[in-house]
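Enquirer: Have a look at this one before I ask anything.
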Amino acid sequence: MFRKVPPQRPRVEFNGTQVHPGHNLTTMHGEVAVVKCVSHYGNPPPVLKWFLDQQEITPSRRQTNTTELDNPRTWLALSVLELTISKENHGRMLRCVAVHESYSTKSSSIEVRLDVMYVPTTRLVGIPTMDVEDLKDSVAIRCVVSANPKANVVWRREGQAQPASLQELLQFSPAIRQHSGLYTCNARNKAGDSQPIRVQVDVKCK
Numbered sequence: 482m483f484r485k486v487p488p489q490r491p492r493v494e495f496n497g498t499q500v501h502p503g504h505n506l507t508t509m510h511g512e513v514a515v516v517k518c519v520s521h522y523g524n525p526p527p528v529l530k531w532f533l534d535q536q537e538i539t540p541s542r543r544q545t546n547t548t549e550l551d552n553p554r555t556w557l558a559l560s561v562l563e564l565t566i567s568k569e570n571h572g573r574m575l576r577c578v579a580v581h582e583s584y585s586t587k588s589s590s591i592e593v594r595l596d597v598m599y600v601p602t603t604r605l606v607g608i609p610t611m612d613v614e615d616l617k618d619s620v621a622i623r624c625v626v627s628a629n630p631k632a633n634v635v636w637r638r639e640g641q642a643q644p645a646s647l648q649e650l651l652q653f654s655p656a657i658r659q660h661s662g663l664y665t666c667n668a669r670n671k672a673g674d675s676q677p678i679r680v681q682v683d684v685k686c687k
């Protein structure tokens, strides 16, 4: 006799590993992430749906349902989502919902957080717009970095082996004539290196 059986809560798998509810699914900007949603031991099999935040996504592949090897009266439901990842997806929630009549709430879901790694980008803030006078004025130029994971920042002065600064801020207070030169900011993380960004510092003598 046909008996309805509520499936287990769906689970998300990525790169062969289960991603637990509320945990990060770590991927790279520009990657096509192949994410699986699996639900075991339902009868009939549930309908699996995908959402990115509140927006439903339709997978390019159809859901597959196969009978469970150890319990052939129940079903293994599998939905495979191919998601093109961009850094704008960072922090968004990916959710798989299993819809089934036998659940008390008619559905069960799992949600994971997209953790998108991307190469740092940099911009400079605080470049002097007026002449900088020797022993009188200060210089504070910030190399503002957007990156995930957090990037290490290095300021270098052309012609010098030692870094000028290992922080976002390049600061001289007061500036002296010897500080004049061409400075380059670089940022690096696991995803790669930023494009170098340069600024000329000129300290004038009265």
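With the working numbering applied, the sequence shown corresponds to residues 482 to 687, in that order. Even for Gly, the Cβ is constructed at its ideal location relative to N, Cα and C. Every value quoted in this text rests on a predicted model; they were computed, and no experiment measured them.
What's the C-alpha gap between V597 and N496?
Expert: Going by the C-alpha atoms only, they are around 15 angstroms apart.
Enquirer: Just curious, the beta strand (DSSP E) that I608 is in, first and last residue?
Expert: Looking at the DSSP string, I608 is not in any beta strand (DSSP E), and its letter there is neither H nor E.
Enquirer: Comparing C-alpha positions only, which one of T610, H501 and V684 sits nearest to L595?
Expert: Nearest option by C-alpha distance: H501.
Enquirer: Are the beta-carbon atoms belonging to T545 and Y522 less than 8 angstroms from one another?
Expert: Against a cut-off of 8 angstroms, the Cβ pair of Y522 and T545 comes out as no contact.
Enquirer: For S590, which residues of its own chain have a beta-carbon under 6 angstroms away from its beta-carbon, when the five flanking residues on both sides are left out?
Expert: R576 and V578.
Enquirer: Is there contact between the stretch 605 to 616 and the stretch 634 to 643, where contact requires at least three CB pairs shorter than 8 angstroms?
Expert: No: the two stretches stay apart, fewer than three of their Cβ pairs being nearer than 8 angstroms.
Enquirer: From L533 to P527, what does the alpha carbon distance come to, in whole angstroms?
Expert: Spanning the two alpha carbons is a distance of roughly 20 angstroms.
Enquirer: Please report the Cβ distance between S627 and S654, rounded to the nearest whole angstrom; I am assuming they are in contact, meaning their Cβ atoms lie under 8 angstroms.
Expert: Contact flag wrong, Cβ pair sits at about 27 angstroms.
Enquirer: Helix, strand or coil: which one does DSSP assign to Q536?
Expert: Of the three classes helix, strand and coil, the one that applies to Q536 here is strand, per DSSP.
Enquirer: Please report how far the alpha carbon of R679 lies from the alpha carbon of L559, in whole angstroms.
Expert: Approximately 51 angstroms, taken between the alpha carbons.
Enquirer: Note down, in chain order, each residue of its chain lying with its Cβ closer than 7 angstroms to the Cβ of T565, except the 5 sequence neighbours on either side.
Expert: Taken in chain order, the residues that qualify are V513.
Enquirer: For N552, I'd like the list of residues in its chain whose CB is within less than 8 angstroms of its CB, leaving aside the five on either flank, ordered along the chain.
Expert: So the qualifying residues of the chain are Y522.
Enquirer: Which residues does DSSP list as the beta-bridge partners of Q499?
Expert: Paired residue(s): E494.
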